[in-house]
Amino acid sequence: MSSPNPMYVAIVGAGPAGFYAAQHLLKQDPNVHVDMFDRLPTPYGLVRAGVAPDHQKIKSVTKQFDRTAADPRFRFFGNVEIGKHLSVAEMAGLYHQIIYTTGAQTDRQLGIPGEELTGSHAATEFVAWYNGHPDFRDYKFDLTQEHAVVVGVGNVAIDVARILCRSYDELHETDIADYALEALKESKVKTVYILGRRGPAQAAFTLT
151 MSSPNPMYVA
161 IVGAGPAGFY
171 AAQHLLKQDP
181 NVHVDMFDRL
191 PTPYGLVRAG
201 VAPDHQKIKS
211 VTKQFDRTAA
221 DPRFRFFGNV
231 EIGKHLSVAE
241 MAGLYHQIIY
251 TTGAQTDRQL
261 GIPGEELTGS
271 HAATEFVAWY
281 NGHPDFRDYK
291 FDLTQEHAVV
301 VGVGNVAIDV
311 ARILCRSYDE
321 LHETDIADYA
331 LEALKESKVK
341 TVYILGRRGP
351 AQAAFTLT
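Converting from the sequence shown to this note's numbering requires adding 150 to each position, the first position being numbered 1.
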């Protein structure tokens, strides 16, 4: 049921969840206006920074988000950090509803000895680095060794292993960040070992 009066909704977080929420609201009620905020200058969240650069089919979902963003009742505000540039109290005075779609902000620690040693990285750091995330573009990864180890057998683990094994020519055809492409061009990694705590039947990655 649509509202008889304009309703203004703020969405904090410009990833897939935020855009799906905006799409639903705009479709359900012609009187809804949506303002989306993100601390990064560009939208799309993990679709931009978390999907492997050689998986363009998955990234094509941004076309759907573009259609949502083109709605005259939708506005995007990048480079805005809630709590720093705009307080929650200020937002509450401007909007009827606030939806938070910020996702997980920290990595899950394994709690194993050596996890903090040099050369040990969370997969999200490496993935964000090769995807050009501004928070990770200055990270340095030691690619001078011939062997690399990936702990986990999910889709992200497979993405990391695949990017490490791709040739320069293969990566050049993707939208990988230029600085990551040049760094991987000089990579000495020849073998990637993937470690899982259970057997192949329990592996969590998909084949698409």
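For glycine and all other residues, C-beta sits at the position ideal for the given N, C-alpha and C.
Note: Val184 is bridge-paired with Val159, Phe224 in the DSSP secondary-structure output. Inter-residue distance for Ile344 and Tyr170 is about 34 Å (C-alpha atoms, whole angstroms). Per DSSP, reduced to three states, the secondary structure at Leu267 is coil, with no helix or strand assignment. In the three-state reduction of the DSSP assignment, His174 falls in the helix class, which pools H, G and I. Per DSSP, reduced to three states, the secondary structure at Val310 is helical. Between the stretch 202-212 and the stretch 251-268 there are fewer than three inter-stretch CB-CB distances shorter than 8 Å, so the stretches are not counted as touching.
Relative to Gln295, the option among Val301, Lys338, Asp257, Ala239 whose CA is nearest is Lys338. Excluding the 5 residues flanking it on each side, Ala172 has same chain C-beta neighbours closer than 7 Å at Ile161, Val184, Met186, Thr218, Phe224, in chain order. Collapsing the DSSP output to three states places His297 in a strand. The DSSP-derived three-state label of Leu196 is helix. Setting aside the 5 residues that flank it on each side, Thr274 is surrounded in the same chain by Asp257, each with a C-beta closer than 7 Å to its C-beta; the list follows chain order. Less than 8 Å separates the beta-carbon of Ala353 from that of Val303.
From the listed residues Val238, Glu336, Tyr194, the smallest Cα separation to Phe291 is found for Glu336.
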